[in-house]
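J.:
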RNA sequence: GGACGCGUGGCCUAGCAUGGAUAGGGCACCAGCCUUCUAAGCUGGGAAUCCCGGGUUCAAAUCCCGGCGCGUCCGCCA
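In this note's numbering, the protein residues as written are 11 to 561.
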């Protein structure tokens, strides 16, 4: 049982003890830890709720779990015993037991899967950051997670890119492949809009690639591979790790085979094949096409194939997707249910990061690239460090950490489905609710421990200061937070929690001197700092924030 | 036009699933705090029709109905 649950269950037991069948809710901090509002009882008991609360408190037996049970107006309030809580939290955290969850099932989590036609841009940067944190959180929660990236090399976009590289004049541009080759994609996209002949040529190229033309395949693999390498490098720079890249073009044979499995649901028109969605009971669109008239497969069919492929690895699949994929995903779920009823497929949707002047678009060149954002962040952080007189190597190292943490946190600290308008000052915020703020509290803890020399002992009965108690209460919620984030597929829950924890520690730092304290109090406070640091270590890993002993 | 999501101080954001106690934070702004564990911190201050209108309820930011605004989708693109 989770720590908070132990106390909650006891509070509920006490309620039943006095004949109340309801359950406690979380109280506002100033009133205690749990609360039971007596309004609903007022009618059946024909009494004033304040009076009821008072009477219930009188009747209620004592409990070692609570230092106080009182009524504040019409509420029954339970105050957790600090000593008892501190004992559990310190024991669980220092031993590492709090970080251990029971083993759960295997998951294939797919994220990013950006078209390999150019560099990652900030409009889509929520995807890797959210996906990566989600994977880490699910692993902590006990899942065995494999992270996939679906390389969309089989469709029109990549064909457009390849045509561009083949046919447009060569320009010598220095830099990473993704940044260089995207120019061809942008130009080719523009030409398609002007000249439909080019569109025809691109479709032919796409068909040859899909039908297995060796020369084109070799060319495509080389060019797409090079862009993908650039994307991978960008991801690694912000500590996002992908376990497995699956190339869409490799799945075409499987896609064709799967299409055969639901042949009786498929209709044909002009040589193109589709499923009538009304028959499937899906609203929002009439048909979903599987094959083009020219016999090539469409993304939807290949994506079905990909999910079937993933189901060989796990029966629980999670896709981190932009909101533009909502309908696609709903249809996908319906089809997959027919093909494999045991397969569970969930999506974590996020809204786009827009620019003040509109949606970001690689094709139109209206973008802020992730690489540029990171570079800008590193410059800003290093500037600050230089001004503070840090030595060269530390300026470099800490500057990078600060920038990565700031960027990752600014993305994670917003509820996934909220739309975001990109602003440099928000993305690279180093103060307040930010990555560096969290890093800083960790650094402060390190700083105390460097000088503290904890002897390994602690005394829960010495935990008395309100700020010590607040910090410990925050720590007690860890297990619930991890569970909630895992169940709701929402890393931002962990992000908020981590900020709140750092915030509590900063106040503890102000109110509760550690090194200057003496005897058992000193050892106990050192134990709290050790436990805090351990927990922050874990939380920051989950979010992908960097840790630094000095900053 | 239909479906889905979002709408909270100047700006950003929490709370909404499971309705309850003066709607939490942050940025920016103003005023303070470094001979004391690193001030990327802390304290205080001003600033909010919780999009609008109805309804349910002892009680609505939260639930229901109807609007409005923004975003996304409704392609033989992905």
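Where is the CB? At the ideal position from N, CA and C, for every residue including glycine.
#1: Tell me whether the beta-carbon of residue 419 lies closer than 9 Å to the beta-carbon of residue 287.
#2: Cα-Cα, which of 57, 118, 47, 108 is closest to residue 325?
#3: What is the DSSP secondary structure of residue 87, reduced to helix, strand or coil?
#4: Going by DSSP, what residues sit across from residue 156 in a beta bridge?
#5: I'd like the ranges of any alpha helix (DSSP H) spanning at least 4 consecutive residues and lying wholly in the segment 276-338.
#6: Contact check, residue 300 vs residue 311 under 8 Å by CB: the rounded distance?
#7: Could you check where the beta strand (DSSP E) with residue 358 kicks off and where it finishes?
#8: What ranges does the alpha helix (DSSP H) occupy inside the segment 476-542, keeping only unbroken runs of at least 4 residues that lie completely in it?
#9: Between which two residues does the alpha helix (DSSP H) harbouring residue 402 extend?
#10: Of the choices 195, 332, 181, whose alpha-carbon is the least far from that of residue 132?
#11: Comparing alpha-carbon positions, which option in 499, 531, 542 lies nearest residue 515?
#12: Since residue 180 is in the beta strand (DSSP E), which residue starts that stretch and which ends it?
#13: Going by other Cβ atoms of all chains shown within 10 Å of its Cβ, with 16 needed for buried, is residue 224 buried or exposed?
#14: Taking residue 467 as the reference, give the member of 36, 37, 101 with the closest Cα.
#15: For residue 414, I'd like the list of residues in its chain whose CB is within less than 6 Å of its CB, leaving aside the five on either flank, ordered along the chain.
#16: Classify residue 563 as buried or exposed, calling it buried when 16 or more other Cβ atoms lie within 10 Å of its own Cβ.
#17: Within this structure, are the beta carbons of residue 17 and residue 109 separated by less than 9 Å?
#18: Can you name the start and end residues of the alpha helix (DSSP H) that residue 269 belongs to?
#19: Return the chain-ordered list of same chain residues with a C-beta closer than 7 Å to the C-beta of residue 49, the five sequence neighbours on each side being excluded.
#20: Going along the chain, which residues of its own chain have a beta-carbon closer than 7 Å to the beta-carbon of residue 534, five neighbours each way excluded?
#21: With H, G and I counted as helix, E and B as strand and the rest as coil, what does DSSP make of residue 17?
#22: Under a three-way DSSP split, which group does residue 376 fall into?
#23: Under the rule that 16 or more other beta-carbon atoms within 10 Å means buried, what is residue 497, buried or exposed?
#24: DSSP on residue 162, reduced to helix/strand/coil?
#25: So residue 453 is in the alpha helix (DSSP H); what residue range does that whole segment cover?
#26: Within the continuous alpha helix (DSSP H) that includes residue 224, where are the two ends?
#27: Whose C-alpha, out of 478, 306, 424, is nearest the C-alpha of residue 97?
#28: How close, in whole Å, do the beta carbons of residue 532 and residue 524 come, if the pair is a contact with beta carbons under 8 Å?
#29: What whole-angstrom Cβ distance do residue 499 and residue 356 have, given they're in contact under 8 Å?
#30: On the three-state DSSP scale, how would you describe residue 79?
#31: Residue 47 lies in the beta strand (DSSP E); which residues open and close that run?
#32: Under three-state DSSP, which class holds residue 371?
#33: One question on the structure: do residue 268 and residue 276 come within less than 9 Å of each other, judged by their Cβ atoms?
#34: Going by C-alpha to C-alpha distance, which of 24, 128, 336, 433 sits closest to residue 33?
#35: Taking 9 Å as the cut-off, decide whether the C-beta atoms of residue 121 and residue 159 are in contact.
#36: Where do the N-terminal and C-terminal ends of the alpha helix (DSSP H) with residue 192 fall, by residue?
T.: In short:
#1: For residue 419 and residue 287, no; Cβs fall outside 9 Å.
#2: The shortest C-alpha separation from residue 325 is found at 118.
#3: Correct three-state label for residue 87: strand.
#4: Residue 156 pairs with 118.
#5: Fully enclosed alpha helix (DSSP H) runs of 4 or longer: 287-290, 309-320.
#6: Correct: roughly 4 Å between the Cβ atoms.
#7: Residues 354-360.
#8: List check, alpha helix (DSSP H) in window: 476-486, 488-498, 502-521.
#9: In the DSSP assignment, residue 402 falls within the unbroken alpha helix (DSSP H) covering 402-422.
#10: Nearest neighbour of residue 132 by Cα position, chosen from 195, 332, 181, turns out to be 332.
#11: Per the C-alpha coordinates, the member of 499, 531, 542 positioned closest to residue 515 is 542.
#12: From DSSP, residue 180 is part of no beta strand (DSSP E); its letter is neither H nor E.
#13: Under a 10 Å Cβ-count criterion, residue 224 is classified as exposed, with fewer than 16 other Cβ atoms of the shown protein chains found around its own Cβ.
#14: Comparing Cα positions, the closest option is 101.
#15: Here the set comprises 248, 556.
#16: Residue 563 is absent from the model: the chain starts at 11 and stops at 561.
#17: Taking C-beta atoms as the reference points, residue 17 and residue 109 fail to come closer than 9 Å.
#18: Run containing residue 269: 262-271, per the alpha helix (DSSP H) assignment.
#19: Taken in chain order, the residues that qualify are 59, 84.
#20: For residue 534, where only same-chain residues beyond five positions count, the Cβ hits under 7 Å are 468, 469, 472, 473.
#21: Helix.
#22: When DSSP states are grouped into helix, strand and coil, residue 376 belongs to the strand group.
#23: By the Cβ-count criterion, residue 497 is exposed, with fewer than 16 other Cβ atoms from all chains shown falling within 10 Å of its own Cβ.
#24: DSSP places residue 162 in coil when its eight states are reduced to three.
#25: 445-462 is the span of the alpha helix (DSSP H), which, as asked, contains residue 453.
#26: Note, residue 224: alpha helix (DSSP H), 224-247.
#27: Checking every option, the nearest Cα to that of residue 97 belongs to 478.
#28: Correct: roughly 7 Å between the Cβ atoms.
#29: That pair is a contact at about 6 Å.
#30: Looking at residue 79 - three-state DSSP - the assignment turns out to be strand.
#31: Under the DSSP assignment, residue 47 falls in the beta strand (DSSP E) whose first and last residues are 44-47.
#32: In the three-state DSSP reduction, residue 371 falls in the strand class (E or B).
#33: Taking 9 Å as the Cβ cut-off, residue 268 and residue 276 do not qualify as a contacting pair.
#34: Ranking 24, 128, 336, 433 by Cα distance to residue 33 puts 24 first.
#35: Closer than 9 Å, so yes.
#36: According to the DSSP assignment, residue 192 belongs to the alpha helix (DSSP H) that extends over 187-204.
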